[in-house]
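Counting the sequence shown from 1 gives a position; this note's numbering is that position plus 879.
Ideal Cβ positions, reconstructed from N, Cα and C, are used throughout, including at glycine.
One structure below.
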Amino acid sequence: MKQFQGRVIVPGTCTAEALVSRGGFNTLASYQMALMFGDKQVKCGDQNNADIYKKPMLGKALCLPMTIGSTTGGMVLYTACAMGKQPACMLFSMPIDSLAASGAILGDVWTDAVMPVVDSLGDEFLQTVQTGMTVTVGENGLVTVEEASAE
């Protein structure tokens, strides 16, 4: 178990399975298919992101360095929240950009979605967390990463 202290962007707590992207997360490309065509599993549609392409994002702890791409990114995040297609949380190793932050905050304020967002977790966070691990987000921005339990 390792813990990382980040900055709270959207408050909340959760425990979820990690889905890790080591490259930038293109919000529009990742969500476009799910939002336009009703993919219930919300699989990542960004073919340029080999780490998470075609993997379900719904209910996952989305672990990223940063978002990249279109200026529509904030609206896409808000729309995912409004449609109940958001990840369990978004965790950034770097500081969040203003577009992603605005979409996450609007999703928190204007919808019933619960999606805690923590940024500035550091490079070691992304070096440690692996897809499938259990991630817990605390109220104060403390993120705990645990090995997946053997069953």
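Helix, strand or coil for residue i? Go by DSSP, reduced to three states.
i: Met1012; result: coil
i: Thr990; result: coil
i: Asp930; result: coil
i: Asp1002; result: helix
i: Ile888; result: strand
i: Val996; result: strand
I'd like to check one pair, residue j with residue i: are the Cβ atoms closer than 7 Å?
i: Val997; j: Val1024; result: no
i: Val993; j: Gly891; result: yes
i: Lys964; j: Ala913; result: yes
i: Ser900; j: Leu970; result: no
i: Ile888; j: Ile947; result: no
Given residue i, which residues of its chain have a CB within under 7 Å of its CB, disregarding the five upstream and five downstream residues?
i: Ser981; result: Gly953
i: Leu907; result: Gly948, Ser949, Thr951, Gly952, Val955
So residue i and residue j are supposed to be a Cβ contact under 8 Å. How far apart are they, rounded?
i: Leu1005; j: Ser972; result: 4 Å
i: Gly924; j: Gln911; result: 5 Å
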